[in-house]
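Number 147 marks the last residue of the sequence shown (the working numbering); no jumps. These notes are about the structure you will find just below.
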Amino acid sequence: MRIRDATYNDLPRVLAIERLSFAQPWSLASFRRELSLSFSRLMLAVTDTDGSTIAGYLCRWLVAGESHILNLATHPDFRCQGVGTALMTEAVAEARARQVSLMILEVRRSNFEARRLYRRFGFEERRLRRNYYGPGEDALVMELVTS
Ligand SMILES: CC(C)(COP(=O)(O)OP(=O)(O)OC[C@H]1O[C@@H](n2cnc3c(N)ncnc32)[C@H](O)[C@@H]1OP(=O)(O)O)[C@@H](O)C(=O)NCCC(=O)NCCS
């Protein structure tokens, strides 16, 4: 498995994973917009030599000296095989390389798999945003100080 940046051609396959992963998925237009933003990076975990099999993706913004993780998903067929870990490893390594001292993300309070993954990287649960994802769906704000 290796990590590479997404191109417009990858977006249909990214969107398919998104729809399998979230009840309220991002649209194709949202992903297209990310590719047009200079401070956004959509990185893919790919499994074959030509890079066409997409196992998962992570989207982050680098703004105001902080790395914001906006989206992370692994195709259901590839879960629990280290794909999310590989994407997070790259995002944390990039933040350190660019001397970005704070990483931040929001996660559903009910998403125990994702919370465990982030905690393994040292992210700490800092704040609760009540009903952030809708009635009864709170968000936890998690942060990692990288330096
Ligand atoms: C959360 C999510 C991204 C995790 O992705 P993943 O690729 O399954 O993550 P990993 O495989 O790296 O880690 C998951 C578990 O598999 C384990 N694992 C990793 N490699 C493994 C391997 N080769 N064999 C067996 N288990 C393995 C990890 O130890 C981890 O277990 P733990 O959580 O008990 O510590 C994925 O479940 C997902 O896409 N969920 C839906 C979308 C979502 O909720 N995204 C997050 C929004 S904030």
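Every residue, glycine too, gets a C-beta built ideally from N, C-alpha and C. All values derive from a computational prediction rather than experimental measurement.
When the alpha-carbon of ALA91 is set against those of PRO25, ALA45, ALA55, the nearest one is in ALA45. In this structure, SER21 has its CB closer than 6 Å to one or more heavy atoms of ligand 1. Taking C-beta atoms under 8 Å as the contact rule, LEU58 and LEU72 qualify, at a distance of about 5 Å. Counting only runs of 4 or more residues that sit fully inside the segment 15 to 50, the alpha helix (DSSP H) segments are 28 to 36, in chain order.
If you check the C-beta of GLU113 against ligand 1, you find a heavy atom less than 6 Å away. DSSP, reduced to helix, strand and coil, places ALA55 within a strand of the structure shown.
In the same chain as GLU137, and ignoring 5 residues on each side of it, the C-beta atoms closer than 8 Å to its own belong to ARG108, ARG109, SER110, ASN131, in chain order. According to the DSSP secondary-structure assignment, MET1 is paired through a beta bridge with no residue. Taken atom to atom, the span from the alpha-carbon of LEU102 to that of GLU34 is near 21 Å. Of all alpha-carbon atoms in TYR8, TYR118, LEU105, the one lying nearest the alpha-carbon of ALA139 is that of LEU105.
In the same chain as PHE39, and ignoring 5 residues on each side of it, the C-beta atoms closer than 7 Å to its own belong to TRP61, LEU62, VAL63, in chain order. Closest in alpha carbon position to VAL100, among ASP50, THR146, MET43, LEU28, is THR146. Here ILE3 really is in contact with LEU87; their C-beta atoms are around 7 Å apart, less than 8 Å. The continuous stretches of beta strand (DSSP E) do not include GLU137, and DSSP gives it neither H nor E. Less than 7 Å divides the Cβ of THR74 from the Cβ of GLY56.
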